[in-house]
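Residue numbers (the working numbering), protein chains in the order written: chain A, 1 to 361; chain B, 362 to 936. Everything below concerns the one structure shown next.
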Amino acid sequence: MSPHVSARRFLRPSLVLAALLAAAGLPLAGSPVAGQPAAGEPAAQARGEVNVYTYREAKLVEPLFSAFTAETGIKVNTLSANRGLEQRIAAEGASSPADVLLTVDIGRLKDAIDAGIAQPIRSKTLDEVVPAAFRDPDGLWYAISARARVVYASKERVEQDEITYEGLADPKWKGRICIRSGQHIYNNALFAAFIAHHGEAKTEEWLKGLKANLAQKPSGGDREVARDIAAGKCDIGLGNTYYWALMHERDPAKKAWAEATEVILPTFEGGGTHMNVSGVVLTKHAPNQANAVRLIEWLMSDTAQRIYADINYEYPIRTGTTINPVIASYGELRADTVSLVTIAEHKKAAATLVDKVGFDD
Amino acid sequence: MTTPSLPLRAGVPTLSADTRTVGHTRARRRKNPVAWGVLVAVAGLVALPVASLVAIALGGDTEVWPHLAAYVLPTAVRETALLLAGIALLTGTIGVGTAWLVTGHDFPGRDTLLVLLPLPLAFPTYIVAYVYADTLDFLGPVQTGFRALTGFRSPADYWFPEVRSLGGAVVVMSLVLYPYVYLAVRAMLQTQSAAVVEAARLLGAGSVRLACDVTLPLARPALAAGLALVLMESLNDIGATEYLGVRTLTLSIFTTWLNRGSLAGAAQIACVLLIVVAGLIALERAGRRGRSFSSGDDLRHVSRVRLHGWRGLLAALLCALPVLLGFVLPFAFLLHEVLSRGLLAGLDPALVRAAATTVGLAAAATVATLALGFGTVIAARLIRRPGTAPLTAAAGLGYAVPGTVLALGLLSPLIAVDGVLDAASRALWGTGVGLLLAGSGAALVIAYTVRFMAIATGFSQAGLARVPTDLDDAARSLGAATPAVIGTVHLPLLRPALAGAALLVFVDCLKELPATLLLRPLNVETLSTHLYQFASRGSFEEGALAALLIVAVGLLPVARMVRLSDDLDRARPLA
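In structure tokens, the structure reads:
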């Protein structure tokens, strides 16, 4: 054997290994699991806790839950993810620690119901303050905030201050529209709403027209739409109400993008502006059910509605809660009349059509 | 590729034909129950989520396929193929080129580049995609500066490459992923036999001729291992490709699941992709079959060639370019965001906690992955039968499944095991343990191990391909038992490969996102999930500090590894 392959040499890596092993003890015994009850521990309820699985980022909802804890003494534990929480809750079954699932998009709420992980919330308080359009008739889900999918238009190059969704397919916009992927949930729900209004055949035509008007292949997110308008790559685009506000109010580096555009609230012909929601579901095996219902009811209080809507510039659900002035400045919102449940039913058809017309190609 | 025409076995005087035969016979008689046990256990662990994925796929009808075939596959297959081909070409060129330059040559800045070359790996791909889209955008600094210089005003006045495109995705992803190839090939070149190289030099081969005819053909197993990792990583990417507007097959898995409401259909697509990946790997293996990549037992190291004058500068420049684009530029961008947004001032204690959690989880998973991966490959080598090849290949399949899908596949098996543990605990002590695995960090360590096993097995295999089985036999004929053979022959010779694999696994665990998101316990954040909270809301810049911390933590093992490999270099006798 050659001289460098001596036993002494490979003592070194074993030292490294030992160090790694020492570090490895950390996550199993220490920090990650510290500060939370052992999984499935029934004591969670006694200690006054509630466990929330959320599709909204934990950081985003943190101020809200802190306020809840301050008021009630109930600790809120969170787990945020971007996909698959319904499947995780379903797989965990009766030992799932999840009490509440907080989602964005009506499709996700429907998925949760379809996965059989929800149980009805029976609460007179909720039914009194949540308009019927924003809750499930059987109480399986309640919306807690809403956003509209609107048009960002160049201040310089677009004169008109009203527009319909149907009008986006007008050839006068040829090469002037920017949009993110047609399969993104925000667009998917909008296209599903279009089907609810006009049927699949007309929607297909409309999507073809819209596709023909695009300045570039769909990519990026809603902020990039504003950026591309500011850059002069396109003149109008689709975005959610809160993105514009966040760029304008919270991000100095992106304020210019928002300032180059203005928000127009589009409507369906014979309808209103397309809305989507974030909402909550009470899980079937919620170990802290009473606390969970308390949390959900609290989320609908005037205070909570204002905090929650202001965190991310969304529309409050509770009738009578003041709308954030930035959002209010877009103009008076006339929400579309097609129910969210109907929209959710057309999601699949919308996804099919987007593929069929090669929208993202 | 041609088999080198040089005398491969030129320096094998230590073993007579007799010893070889004796060793072989003994090995063949050996039953190796332990080795088989290791092999089957590891393959089984990885097969668990895959099996549960297959079960989901079989649980639904095939109604998604006519739609996919008509409208999705034509584009998705083309875009995916172009993406992968482009990335393979680019990462292969950068990885092999830089590894060859720094391992075989001395030039200005070489020692620094040695530390810097693996670093782009520490960036999550999607973050680098954001950075480039932002920097090279019309309103970004580059184009703004360009307009100021030229007097152009609107996008219509001039052509500028678009980052949000297929080509952009190829370049951006290659800049992050080339270290897989670089590390694999470098580990192999470091243990390249001196005899072969010296023979070639004596025969008058110049540096380039030597590389083309000898060094690189012999490095093929390493190139294959590195490229396989790069391609699987690219195939499973969702963040960067979606943002850059590339319509990949993986994207169709998610639209099928989330928009068309068919988890079964999504699982079916994932299974088909898995079969394709397995097929490609098998094809490459078949292409290598019957060739020996071991080059005798003369494992002294080759001395580095000093490059003088413009050659040295050119080498430095070529190695600096990927570092500059893949590491320095994104790093500078993020640093600028951290400073200009004052992110350091209000340092979130949660971020410190997240960093500690991340390091702990990654370290645990690295140890587990390396032990199991190395164990698998050694087991297969000890058994020496063709039947082991499918099992070792199966052990690497976790990497061929998108992270979220793998996590979904792990949920049921983990929770089933938890059910058994819970019942056992109730029977024994009268109190349940709940979701012991699925509700704790253990789920993440298992997920990482399953996912990144391919790195450990790939690197170990590539490394061992260099070591002739004659050496094992020689050790045995000298009376060494199996543990001693592993300890005195395999482990020391595999050091560079294992160090490379450890680094890759560790850094991959640091930045792993999809499985971490879905499987972590309540209230637990890692650096990558912390970063993602901002990125998913469209303002990744606010998470810049977390991104930099991932890089900073990733730097530690890089530095350590470079020191290890430099020890190796110093041990080289002069040729």
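Glycine included, every Cβ here is placed at the ideal spot set by N, Cα and C.
Separation of residue j from residue i, as counted between CA atoms
i: residue 356 of chain B; j: residue 728 of chain B; result: Because chain B here runs from 362 to 936, residue 356 of chain B falls outside it and cannot be looked at.
i: residue 301 of chain A; j: residue 126 of chain A; result: 9 Å
i: residue 604 of chain B; j: residue 798 of chain B; result: 34 Å
i: residue 262 of chain A; j: residue 171 of chain A; result: 22 Å
i: residue 93 of chain A; j: residue 348 of chain A; result: 27 Å
i: residue 466 of chain B; j: residue 483 of chain B; result: 26 Å
i: residue 385 of chain B; j: residue 822 of chain B; result: Because residue 385 of chain B sits at a pLDDT of 46, beneath the cut-off of 50, its placement in the model cannot be relied upon, and the point is left open.
i: residue 197 of chain A; j: residue 309 of chain A; result: 28 Å
i: residue 536 of chain B; j: residue 481 of chain B; result: 7 Å
i: residue 916 of chain B; j: residue 708 of chain B; result: 21 Å
i: residue 993 of chain B; j: residue 314 of chain A; result: Any property of residue 993 of chain B remains undetermined from this structure, which presents chain B solely from 362 to 936.
i: residue 490 of chain B; j: residue 691 of chain B; result: 9 Å
i: residue 346 of chain A; j: residue 194 of chain A; result: 9 Å
i: residue 752 of chain B; j: residue 887 of chain B; result: 33 Å
i: residue 133 of chain A; j: residue 235 of chain A; result: 33 Å
i: residue 307 of chain A; j: residue 64 of chain A; result: 7 Å
Where the beta strand (DSSP E) through residue i begins and ends
i: residue 744 of chain B; result: Per DSSP, residue 744 of chain B belongs to no beta strand (DSSP E); it is in the alpha helix (DSSP H), 710 to 744.
i: residue 278 of chain A; result: 275 to 283
Interface residues of chain A facing residue i [CB-CB closer than 7 Å]
i: residue 516 of chain B; result: 231, 232, 233
i: residue 519 of chain B; result: The contacting residues do not exist; residue 519 of chain B stays about 13 Å from chain A at best.
i: residue 773 of chain B; result: 91
i: residue 827 of chain B; result: Under the 7 Å cutoff, chain A gives no residues; its nearest Cβ is about 13 Å from residue 827 of chain B.
Beta-ladder partner(s) of residue i, from DSSP
i: residue 264 of chain A; result: A/151
i: residue 75 of chain A; result: A/49
i: residue 243 of chain A; result: DSSP lists no partner for residue 243 of chain A.
i: residue 100 of chain A; result: A/52, A/282
i: residue 178 of chain A; result: A/237
i: residue 164 of chain A; result: A/267
i: residue 316 of chain A; result: A/145
i: residue 335 of chain A; result: A/273
i: residue 667 of chain B; result: B/467
i: residue 135 of chain A; result: A/142
i: residue 119 of chain A; result: A/282
Range of the contiguous alpha helix (DSSP H) that encloses residue i
i: residue 623 of chain B; result: First-last for residue 623 of chain B: undefined, no H or E at that position.
i: residue 456 of chain B; result: 434 to 465
i: residue 356 of chain A; result: 347 to 356
i: residue 570 of chain B; result: 568 to 571
i: residue 513 of chain B; result: Unbroken run through residue 513 of chain B: none, as it is neither H nor E.
i: residue 490 of chain B; result: 486 to 496
i: residue 848 of chain B; result: Careful: residue 848 of chain B lies outside any alpha helix (DSSP H) and carries neither H nor E.
i: residue 130 of chain A; result: From DSSP, residue 130 of chain A is part of no alpha helix (DSSP H); its letter is neither H nor E.
i: residue 170 of chain A; result: Per DSSP, residue 170 of chain A belongs to no alpha helix (DSSP H) and is neither H nor E.
i: residue 82 of chain A; result: Neither: residue 82 of chain A is in no alpha helix (DSSP H) and is coded neither H nor E.
i: residue 217 of chain A; result: Where residue 217 of chain A is concerned, there is no enclosing alpha helix (DSSP H), given that its DSSP letter is neither H nor E.
Chain-ordered chain A contacts of residue i [CB-CB under 8 Å]
i: residue 744 of chain B; result: By Cβ distance, chain A contributes nothing, its closest Cβ being about 23 Å from residue 744 of chain B, past 8 Å.
i: residue 433 of chain B; result: 355
i: residue 697 of chain B; result: What residue 697 of chain B touches in chain A: nothing, since even the nearest Cβ is about 11 Å away.
Interface partners of residue i on chain A, CB under 9 Å
i: residue 560 of chain B; result: None at all; the shortest Cβ gap to chain A is about 17 Å.
i: residue 894 of chain B; result: 57, 58, 59, 60, 80
Under 8 Å from the C-beta of residue i: neighbouring residues of chain B
i: residue 302 of chain A; result: By Cβ distance, chain B contributes nothing, its closest Cβ being about 25 Å from residue 302 of chain A, past 8 Å.
Within chain B, partners of residue i - CB distance below 7 Å
i: residue 360 of chain A; result: 608
i: residue 84 of chain A; result: 765, 768, 769, 879
i: residue 97 of chain A; result: 800, 883
i: residue 103 of chain A; result: Correct list: empty, because the minimum Cβ distance to chain B is about 12 Å.
i: residue 88 of chain A; result: 772, 879
i: residue 251 of chain A; result: 900
Closer than 9 Å at the beta carbon, the chain B residues around residue i
i: residue 348 of chain A; result: 620, 621, 622, 623
i: residue 160 of chain A; result: Residues of chain B passing the Cβ test: none, with the nearest at roughly 22 Å.
i: residue 176 of chain A; result: None at all; the shortest Cβ gap to chain B is about 13 Å.
Identify each residue in the segment 472 to 504 of chain B for which the Cβ-Cβ distance to at least one residue of chain A is less than 8 Å, and report them in chain order. Going along the segment 472 to 504 of chain B in chain order, one finds 494, 498, 499, 500 with a Cβ nearer than 8 Å to chain A.
Residues of the segment 213 to 229 of chain A with a CB closer than 9 Å to any CB of chain B: list them in chain order, please. Within the segment 213 to 229 of chain A, the residues whose Cβ lies closer than 9 Å to some Cβ of chain B are 216, 217, 218, 219, 220, 221, 222, 223, 224, 227, 228, listed in chain order.
Check distances from the C-beta atoms of the segment 54 to 71 of chain A to those of chain B and list, in chain order, the residues that come in under 8 Å. Taken in chain order, the members of the segment 54 to 71 of chain A whose beta-carbon sits within less than 8 Å of a beta-carbon on chain B are 57, 58, 59, 60.
Anything in the segment 601 to 622 of chain B with a Cβ closer than 9 Å to a Cβ of chain A? List those residues in chain order, please. Against chain A - using a Cβ distance shorter than 9 Å - the residues of the segment 601 to 622 of chain B are 603, 604, 605, 606, 607, 608, 612, 613, 615, 616, 617, 618, 619, 620, 621, 622.
Using a Cβ-Cβ cut-off of less than 7 Å, give me the residues of the segment 424 to 453 of chain B that come near chain A, in sequence order. Sequence-ordered contacts of the segment 424 to 453 of chain B with chain A read 428, 432, 433, 436 [C-beta pairs closer than 7 Å].
The segment 183 to 194 of chain A: positions lying closer than 8 Å to chain B by Cβ: Under the 8 Å Cβ criterion, the segment 183 to 194 of chain A contributes 183, 185, 188.
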